[in-house]
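Okay, so here's the structure we're looking at.
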Amino acid sequence: MLSRDTRDPATRPRLLLGLLALALLWPGIRFSELDLSVLLASDSQSEMGRFVATFWPPTHGAEFLQLLWQATLQTLAIATAGMALALLLAIPASLLASRALSLSAASRAGRPSQWGQLLRWPVRGVLIFLRSVPEIVWALLFVRAVGLGPTAGVLAIAITYSGMLGKVYAEIFESVDQRPAHALLQAGSGRLAAFCYGILPNVAAELLSYTVYRWECAIRASVVMGFVGAGGLGQQIDLSMRMFAGGEVASLLLTFLVLVLFADQLSRLLRWRLA
Amino acid sequence: MKRLVNLLLVLCIGVAVLASFRYLGIDLGELGGSGNLKQMAAYVQRFLSPDLSIGHLQAIARGALETIAMSALGTLLATVFGLLLALPAAGRFGWPLQGLSRLVLNALRAIPELVWAVLMVLAAGLGPNAGTLALALHTTGVLGRLFAEALENTPPEPAEAIRLQGGSAIGAFCYGTLPNLFPQLLAYVLYRWENNIRMASVLGFVGAGGLGQMLYLSLSLFQEAQASSVILAMLVLVLAVDTLSSWSRQRWVKA
Amino acid sequence: MTLHLTRVSLTHANGLQALRSLDLHIDAGEQVAIIGPSGAGKSSLLNVLATGLRPGNGELQVLGEHPWQLSARQRQRLRARIGLVHQAPPLPPRQRVITAVLAGKIGQWGIGKSLLNLVHPLDVPGARAALARLDLHDKLFAQCQQLSGGQLQRVGIARVLYQAPEVLLADEPVSAMDPVLAGHTLKVLCEHAREHAVTLVASLHAVDLALAHFSRIIGLRDGQILFDLPASAVDREQLDALYANEQLQPSPAPVPTLSVQIPRC
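Protein chains in written order, with the working numbering: chain A, 97 to 371; chain B, 740 to 994; chain C, 977 to 1241.
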């Protein structure tokens, strides 16, 4: 029995990983200027505490409630309109980008020819670009381009979510059994027909489920984008925060929570019914 | 009957979409009209020549490092505190603590990161510290809830066996539950880190440092060339983190 | 008396009565086999002896103590002196064999040592020796999910051997092994018990193995002891009465597989 056998092979990689983590931790703390004590320090606590103390009671005057209602409807409208536009872009993009529609893949057991792969990459690249830039950056740009208000929000959601939806749709198309579609393609049907008869029935439920889930995310995103002037609840929260009107912020936050809950329930209902 | 209800639902959705456009007063025709398009095209043109001077690139590099550090440390703190809160939230310490910890986790995750960032800027001042804390607080809520669900779904037999041979509760958790839980935890943490790098770029808009603060500043000063190079940097960052996280997932997350 | 059951009854949470008014006395250093048909209550009996399940009524005495009258901490210390080999080894799939075996001594180590062991195994030679007796020393650093059912059972046994308890309880320790390997493993267990004066109680399905390796045989049926005899005195008639209308070879329970959900972005 060699003494070498009793050494644990996992020691070296673990040690290296540990050292790497420590080596990255120090500059990480320096760059992020991490300081947890601010949460407990007395002066900042009193400043933040004073602000948070004004949260109670939440403002509930009739005029403000009217404003609240309008802002909520606006947020819902931004999310829905944005998703509708996003779908308009995403559906054709996903069909273009997905290998599921590849004619060459049908006769090569699922792997498209060189040309097939080459032509699909630009579309995929565009989709990835659209989804990688955070939607709030798009919102900021659109606010500068088309002015303050919900239009910027709608366009921002439309662009970012078309990227997200397009990419995930393309992946969903490819994740399901391809053989029915391949059989149809080899029998001479058009690509779209093969897709509708061969793939769509299997993926419809998952597509719907993901779309509804994304709509829910869009509502939250609309609120966040409001901070840069894209309308809805977010813009109101930003305004109230700037005026240090704690009561209004509290009401707005509560409304946001209720909205998110409502959207969650609605999305569950839709997913259950339509899937 | 089911088909009728489904058809009605689809109609309702269609009506809702149209109503949204009407309510917002968005006229797509006007938007796509030649005047507006020309205006937008002119605006986009100003972005097409990014500023790549050394000084600006150095500033971007520093901003990028701040953003990465914010997201990484925020996620790391959230993992630790999320796990600590997930234990009572999964019912390990009794019913009243479960309710309380679930309430705390829900409160933390319901408030968007941006709102947390504004609060943290009030508490900690401008700079990346506020952003890190904001990310940490929000992500604790998200990860804590995900961890609690994963904890509830792990098989209890290995931990029970350790308890049966005299091990302490901590020993039973570390040797019995954690090995089963670890791949799922890692998957959630990596997924959240991908999301946090996007949010970290954005929190700078309210003063929390990083690339976001640079972008907000240059856009406010109408320096589109500088702004476009910051956006490119954000893009590269997001793509890099996405690739790294999916590689890590392939390598370490195998059930 | 090391193990002492007086009129012990046990009813499971789902209403099934597993043990009915059982009386059992086992001295220190004895080697006892428990046989019986499926559903006779063998696992329940062993779990009661291991202080895993609390009997509904009756008196239980293990190693001179009444475990259910002790405080929780004292009971944990008592449990460290009792070892239970489970029928389905409760080993996490991604855990390495060495960690699984060294986990046997967690009851005796403090918190610090247990946590340190997770990062770096503290007693590789000890674990190796325990696995070597079961011919598994080459799997020292493999992951549990890479082992077969029989190998996993042997790792479970190695863990209990490493724990070095005073009372060794084994619930179907060889059910996933072929007859030759099963016989060899039982021989190792009995030798260990003899050398270290450990009380060994094993439940077995294969009657021939029980008769070959153990000196005292207890027949359990429907939660009651049908006979309690030395191996030489067990004859065909009593075995027929024990296993009347029952199959002799049950199938092992399926193990649920773990799945990881990766959220879609």
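Cβ atoms here follow ideal geometry from the backbone N, Cα and C, with glycine treated the same way.
For residue j and residue i, the rounded distance between their alpha carbons
{"i": "B/A887", "j": "B/P895", "result": "14 Å"}
{"i": "B/A825", "j": "B/S840", "result": "8 Å"}
{"i": "C/H1189", "j": "C/V1100", "result": "31 Å"}
{"i": "C/P1066", "j": "B/S907", "result": "17 Å"}
{"i": "A/V264", "j": "A/S194", "result": "10 Å"}
{"i": "C/A1009", "j": "B/P897", "result": "25 Å"}
{"i": "B/I807", "j": "A/I125", "result": "11 Å"}
{"i": "C/G1005", "j": "C/G1015", "result": "28 Å"}
{"i": "A/D334", "j": "B/R988", "result": "37 Å"}
{"i": "B/Y930", "j": "B/I765", "result": "35 Å"}
{"i": "C/L986", "j": "B/A889", "result": "33 Å"}
{"i": "A/I268", "j": "B/V783", "result": "33 Å"}
{"i": "A/L370", "j": "B/T814", "result": "36 Å"}
{"i": "B/A803", "j": "B/M973", "result": "8 Å"}
{"i": "C/L1185", "j": "B/A900", "result": "26 Å"}
{"i": "A/L112", "j": "A/L118", "result": "10 Å"}
{"i": "A/V385", "j": "B/L787", "result": "Lying outside 97 to 371, the shown extent of chain A, residue 385 of chain A is not represented and no answer is given."}
{"i": "C/T966", "j": "C/P1043", "result": "Coverage of chain C is limited to positions 977 through 1241, which leaves residue 966 of chain C absent and any answer about it impossible."}
{"i": "A/L185", "j": "A/S258", "result": "6 Å"}
{"i": "C/L1107", "j": "C/V1131", "result": "7 Å"}
{"i": "A/R310", "j": "C/I1133", "result": "51 Å"}
{"i": "A/R103", "j": "B/G794", "result": "51 Å"}
{"i": "A/F340", "j": "A/L353", "result": "20 Å"}
{"i": "A/V250", "j": "A/S203", "result": "42 Å"}
{"i": "B/K777", "j": "A/R216", "result": "30 Å"}
{"i": "C/V1095", "j": "B/A849", "result": "36 Å"}
{"i": "B/L872", "j": "B/N845", "result": "17 Å"}
{"i": "A/S305", "j": "B/V969", "result": "35 Å"}
{"i": "A/V148", "j": "A/P105", "result": "53 Å"}
{"i": "C/L1060", "j": "C/G1017", "result": "16 Å"}
{"i": "C/V1197", "j": "C/I1011", "result": "The sequence given here has Arg at residue 1197 of chain C, not Val. Using only the alpha carbons, I get a separation of about 9 Å."}
Three-state secondary structure assigned by DSSP to residue i
{"i": "C/T978", "result": "coil"}
{"i": "C/V1061", "result": "strand"}
{"i": "A/A173", "result": "helix"}
{"i": "A/L236", "result": "helix"}
{"i": "B/L853", "result": "helix"}
{"i": "C/G1195", "result": "strand"}
{"i": "C/E1142", "result": "coil"}
{"i": "C/R1051", "result": "helix"}
{"i": "A/R207", "result": "coil"}
{"i": "A/S198", "result": "coil"}
{"i": "C/A945", "result": "The question about residue 945 of chain C has no answer, for chain C in this structure spans 977 to 1241."}
{"i": "A/M321", "result": "helix"}
{"i": "C/Q952", "result": "With chain C covering only 977 through 1241, there is no way to say anything about residue 952 of chain C."}
8 Å contact criterion, which residue i and residue j should meet: CB distance rounded
{"i": "C/L1022", "j": "C/I1201", "result": "Going by Cβ atoms, the distance from C/L1022 to C/I1201 rounds to 14 Å, so no, they are not a contact pair."}
{"i": "A/Q332", "j": "A/L350", "result": "With 8 Å as the limit, A/Q332 and A/L350 do not qualify as a contact, their Cβ atoms being about 13 Å apart."}
{"i": "B/Q904", "j": "C/G1195", "result": "In fact, because the Cβ distance is near 28 Å, the residues do not count as touching under 8 Å."}
{"i": "C/P1149", "j": "C/L1123", "result": "Between C/L1123 and C/P1149 the Cβ distance is about 15 Å, and since that is not below 8 Å, they are no contact."}
{"i": "C/R996", "j": "C/G1199", "result": "4 Å"}
{"i": "C/A1146", "j": "C/A1178", "result": "4 Å"}
{"i": "A/A158", "j": "A/A235", "result": "Wrong, their Cβ atoms sit about 31 Å apart, outside the cutoff."}
{"i": "A/S363", "j": "A/V320", "result": "So it is not a contact: roughly 18 Å between Cβ atoms."}
{"i": "B/G949", "j": "B/M809", "result": "6 Å"}
{"i": "C/S1047", "j": "B/G910", "result": "C/S1047 to B/G910, Cβ: 18 Å. No contact."}
According to DSSP, residues forming a beta bridge with residue i
{"i": "C/S985", "result": "C/N1033"}
{"i": "C/S1179", "result": "C/I1010 and C/D1147"}
{"i": "C/F1203", "result": "C/G1195"}
{"i": "C/I1002", "result": "C/L979"}
{"i": "C/E1041", "result": "C/V1038"}
{"i": "C/Q1119", "result": "C/R1072"}
{"i": "C/Q993", "result": "C/T987"}
With 8 Å as the limit, tell me which residues of the stretch 989 to 1017 of chain C have their beta carbon closer than that to any beta carbon of chain B; keep them in chain order.
Per Cβ criterion, the list is empty.
Contact list for the stretch 1055 to 1069 of chain C against chain B, Cβ threshold 9 Å
Listed in sequence order: R1055, A1056, R1057, I1058, G1059, L1060, H1062, A1064, P1065, P1066, L1067, P1068 and P1069.
Interfacial residues, the stretch 1097 to 1114 of chain C to chain A, with Cβ spacing under 7 Å
Of all residues in the stretch 1097 to 1114 of chain C, the ones placed with a Cβ closer than 7 Å to any Cβ belonging to chain A are P1097, V1100, P1101 and R1104, in chain order.
Taking only beta carbons into account, state which residues of the stretch 1016 to 1047 of chain C come closer than 7 Å to chain B, listed in chain order.
Taking 7 Å as the Cβ-Cβ cut-off against chain B, the residues of the stretch 1016 to 1047 of chain C that qualify are A1026 and G1028.
Just by C-beta distance, which residues in the stretch 1172 to 1193 of chain C are closer than 8 Å to chain B?
Listed by position along the chain: nothing, the set is empty.
In chain order, what residues of the stretch 330 to 352 of chain A put their CB closer than 9 Å to some CB of chain B?
Within the stretch 330 to 352 of chain A, the qualifying residues are G330, I333, D334, M337, V345, L349 and F352.
Chain B contacts from the stretch 245 to 259 of chain A (Cβ-Cβ distance under 7 Å):
Listed by position, the residues of the stretch 245 to 259 of chain A near chain B (Cβ gap below 7 Å) are P246, T247 and V250.
Members of the stretch 897 to 914 of chain B that neighbour chain C once the beta carbon cut-off is set at 9 Å
Cβ contacts with chain C: P897, A898, E899, A900, I901, R902, L903, Q904, G905, G906, S907, I909, G910, A911, C913 and Y914.
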